[in-house]
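Undergrad: Residue numbers (this note's numbering), protein chains in the order written: chain A, 1 to 330; chain B, 1001 to 1330.
Backbone N, C-alpha and C fix where the C-beta goes; we use that ideal spot for every residue, glycine too.
Bear in mind that the values here come from a model prediction, so they are computed numbers and not experimental data.
Here you go, one structure.
Protein chains: 2
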Amino acid sequence: MKLATLGNHARDGRLVVVSRDLTRAVDASAFAPTMQFAIEHWAQAEPQLRSLSDRLNDGKAVGAFAFDPAQALSPLPRTHQFVDASAFLNHGNIMEQAYDLNVKKTPGIPVLVQRQSDDFWPPMADYPLLSEADNGDFEGEFAVVVDDTPMAGTPEACASRIRLVTILNDVSLRAHLFRELQMGFGFINAKPATVFAPVAVTPDELGDAWGADGRIHLEMRVSRNGAWFGHPNGREMDWSFGELLAHLALNRNLRAGTILGTGTVSNIAAREVGSACLAEKRALEKLDRGESVTPFLKWGDRLRFEVFGADGQSVFGAVDHRFVPFTPAS
Amino acid sequence: MKLATLGNHARDGRLVVVSRDLTRAVDASAFAPTMQFAIEHWAQAEPQLRSLSDRLNDGKAVGAFAFDPAQALSPLPRTHQFVDASAFLNHGNIMEQAYDLNVKKTPGIPVLVQRQSDDFWPPMADYPLLSEADNGDFEGEFAVVVDDTPMAGTPEACASRIRLVTILNDVSLRAHLFRELQMGFGFINAKPATVFAPVAVTPDELGDAWGADGRIHLEMRVSRNGAWFGHPNGREMDWSFGELLAHLALNRNLRAGTILGTGTVSNIAAREVGSACLAEKRALEKLDRGESVTPFLKWGDRLRFEVFGADGQSVFGAVDHRFVPFTPAS
């Protein structure tokens, strides 16, 4: 089942079911007015939404209309918790090696970062960047959305609460990031609004790519201004989603709608498969030839993030957006 | 005007207006079903809620009932963004001096920490602590709640979006905190559920204590197991609320319901007026006599945080809670 949100991005929007091929949608408000409501009432809403989804995929849904991803919001335009992991250790290792960073990680404990969840940007809307001097960057990631998840659960118990999967561009401002990382308190100015793909899907939509190892075995395809940038695979995540969630829920309940991101997808073979962020490519350039040549984000740059299933179908639709100067009216 | 929330703490609860003396309440759902709704529709809801508040304070509200703070939830049982500042530099200075910490702050830039906002604990409910070995601590703080606040606003513009004021106990687990601070990515296991006072108030309820300098000129009274622990004053904050909000909103919009906490209230005269957290008292003990003697939280400990106005009236009611062992059923 594939779900999306249309409407007012400053609030919760309204829920639609989207066809598997992403061409058609149908209003779902008779069963769940919003994505948040659907997750909070999953036991009741899921069978009704699945039935509607089946009718839509069979061409029999009354009131179906053409799905325009340019009108879609982030699946949850806002939620009550967003935590981003840094679950591909390969990425951190490259960064630490290139910049002599001394990040005092504890072996075995995943790095998670508490993030803002009040204003996720629409997937195809122009994205206002305050300044090119902030060294703007992107990070292509997978994410899961969970239902209420009780405190202190096992990785298996936590994983059983996963309801939806999607992808995101974790927009990052590296000029702020290094300053804030050194301070210790996580990110504030380094992380402006995050941008999710037009569609969130139930894990079964991934088929075998929703691995028994709790990882997503699909490539994150990233392009910049139409040119290939990378296609690292989600299967190299160093922790399963269940393990990441269990660390987060160690001593507190997670409430319905909590989003957990994977951190930028990164593979050992990054020099061949490319990266999902500029910083990693720049770090590899520094290591390999002594200097970084790939520029940070410029106004006018267009980024695209998309994931295809085994059948060649785009799973989540694309984050596909242009970075533009900020104007107070935007 | 004083507002509170009753009902299901895992969701949004339902809004009530509370009398100035905190003894009576009346359902406000005809005007705003929840606190979140009230903030999102402030222009329409505020005059209606104020009118109801006037009737309640005059003893003329139909359907008024006794207000029991033990039934109250955190005013926003959940919201879409919670950011905690460390806005009393005195606290950080004491900690850095006592423990030879090297926090690389940039002079003039306030420290803010992005925090979870999905599950705020009720103000008088027993609080489950997983382990005494986590070095549990409290932090008495003030907080403001803002309406939609556009990106890149001035401190004055941001301050004009403040709708409500309250207090909180920012429960902190120091054993995790030092590990996570060194790593750089902020707090995950160090900060379990946060606990707000039963009542949030509009700034006018503070009278002159809502200072023209954008600070709250009132004492945070903290007691542990019935014994005085401290009464530091909010007026020594090193940034105004407007300045803190402007830093947060530098490159992103803040959506209605965003909560900004001040960080633990701390005064230069901490040795006389006491502290609002154990860690600061322990640090002063280490500096003054070579060792910390005040113990971290024990199961069974009872903490109380309360603020009184110039008229001697409790402004927000009290966070007054007991720390208990965690059981999976709780």
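What residues match up with residue 1141 (chain B) in a beta bridge as DSSP calls it?
TA: Beta-bridge pairing links residue 1141 (chain B) to B:1168.
Undergrad: For the segment 70-132 of chain A, which segments carrying the beta strand (DSSP E) assignment without a break, of at least 3 residues, lie completely within its bounds, in sequence order?
TA: Runs found: 82-85, 112-115 and 127-129.
Undergrad: Terminal residues of the continuous beta strand (DSSP E) containing residue 321 (chain A)?
TA: That run of the beta strand (DSSP E) goes 319-325.
Undergrad: Do the segment 253-261 of chain A and the segment 37-53 of chain A meet, that is, are 3 or more Cβ pairs less than 8 Å apart?
TA: Yes, since at least three Cβ pairs between the segment 253-261 of chain A and the segment 37-53 of chain A fall closer than 8 Å, the two stretches touch.
Undergrad: Kindly indicate which residue of B:1082, B:1193, B:1180 and B:1219 has the alpha-carbon position closest to the one of residue 1125 (chain B).
TA: For residue 1125 (chain B), the nearest C-alpha among the options comes from B:1193.
Undergrad: Which residues of chain B have a Cβ atom closer than 9 Å to the Cβ of residue 328 (chain A), listed in chain order?
TA: Near residue 328 (chain A) (Cβ distances below 9 Å), the residues of chain B are 1150, 1151, 1152 and 1153.
Undergrad: How would you write the range of the alpha helix (DSSP H) that residue 1306 (chain B) sits in, first residue to last?
TA: Where residue 1306 (chain B) is concerned, there is no enclosing alpha helix (DSSP H), although the beta strand (DSSP E) it sits in stretches over 1302-1306.
Undergrad: Let's see if you can read the secondary structure: which residues bound the beta strand (DSSP E) around residue 1221 (chain B)?
TA: 1221-1224 is the span of the beta strand (DSSP E), which, as asked, contains residue 1221 (chain B).
Undergrad: So residue 1118 (chain B) contacts chain A; which residues on that side make the cut at Cβ distance below 7 Å?
TA: Within 7 Å Cβ-Cβ: 80, 81, 254, 255 and 258.
Undergrad: In chain order, what residues of the same chain lie with their CB nearer than 6 Å to the CB of residue 1149 (chain B), ignoring the 5 residues before and after it?
TA: Hits under 6 Å: 1158, 1161, 1249 and 1254.
Undergrad: Along the segment 86-119 of chain A, what residues have a CB closer than 7 Å to any CB found in chain B?
TA: If the cut-off is 7 Å between Cβ atoms, the segment 86-119 of chain A has 103, 104, 105, 106, 111, 112, 113, 114, 115, 116, 117, 118 and 119 near chain B.
Undergrad: Looking at residue 244 (chain A): is its Cβ nearer than 8 Å to the Cβ of residue 260 (chain A)?
TA: Closer than 8 Å, so yes.
Undergrad: Buried or exposed for residue 1201 (chain B), going by 16 or more other Cβ atoms inside 10 Å?
TA: With 16 or more Cβ atoms within 10 Å of its Cβ, residue 1201 (chain B) is classed as buried.
Undergrad: Based on the DSSP output, what are the partners of residue 1152 (chain B) in its beta bridges?
TA: Residue 1152 (chain B) is not bridged to any residue.
Undergrad: Compare the Cα-Cα distances from residue 1313 (chain B) to each of B:1296, B:1326, B:1221 and B:1272 and report the closest residue.
TA: The residue with the shortest Cα to Cα distance from residue 1313 (chain B) is B:1221.
Undergrad: Can you pull the chain A residues whose beta carbon is under 7 Å from the beta carbon of residue 1189 (chain B), in chain order?
TA: Chain A residues near residue 1189 (chain B): 250 and 251.
Undergrad: Sort B:1307, B:1293 and B:1229 by Cα distance to residue 1270 (chain B) and report the nearest one.
TA: The candidate whose alpha carbon is nearest that of residue 1270 (chain B) is B:1229.
Undergrad: Tell me, please, whether the segment 1080-1090 of chain B touches the segment 1112-1124 of chain B by the rule of three or more beta-carbon pairs shorter than 8 Å.
TA: Yes: at least three Cβ pairs fall under 8 Å.
Undergrad: Look up residue 1275 (chain B) in the DSSP assignment and say whether it is helix, strand or coil.
TA: In the structure shown, residue 1275 (chain B) sits in coil (DSSP, three-state: anything other than H, G, I, E or B).
Undergrad: CA-CA distance, residue 1182 (chain B) and residue 103 (chain A)?
TA: So the two alpha carbons sit approximately 8 Å from each other.
Undergrad: With H, G and I counted as helix, E and B as strand and the rest as coil, what does DSSP make of residue 261 (chain A)?
TA: Of the three classes helix, strand and coil, the one that applies to residue 261 (chain A) here is strand, per DSSP.
Undergrad: Between B:1016, B:1303 and B:1266, which has its C-alpha nearest residue 1094 (chain B)'s C-alpha?
TA: The shortest C-alpha separation from residue 1094 (chain B) is found at B:1266.
Undergrad: Helix, strand or coil: which one does DSSP assign to residue 1147 (chain B)?
TA: Three-state result, residue 1147 (chain B): coil.
Undergrad: Please list, in chain order, all residues of the same chain as residue 1045 (chain B) whose beta carbon is under 6 Å from its beta carbon, the five residues on each side excluded.
TA: These residues qualify, in order along the chain: 1031, 1032 and 1038.
Undergrad: Taking residue 311 (chain A) as the reference, give the member of A:21, A:9 and A:10 with the closest Cα.
TA: Here the closest residue by C-alpha is A:21.
Undergrad: Taking buried to mean at least 16 other C-beta atoms within 10 Å of its own C-beta, is residue 118 (chain A) buried or exposed?
TA: Burial call: buried.
Undergrad: Would you say residue 1130 (chain B) faces chain A, with C-beta separation under 8 Å as the test?
TA: Judged by the 8 Å Cβ criterion, residue 1130 (chain B) is in contact with chain A.
Undergrad: Under 8 Å, with one C-beta from each stretch per pair, do the segment 132-139 of chain A and the segment 275-282 of chain A reach the 3-pair mark?
TA: Enough Cβ pairs lie closer than 8 Å, so yes.
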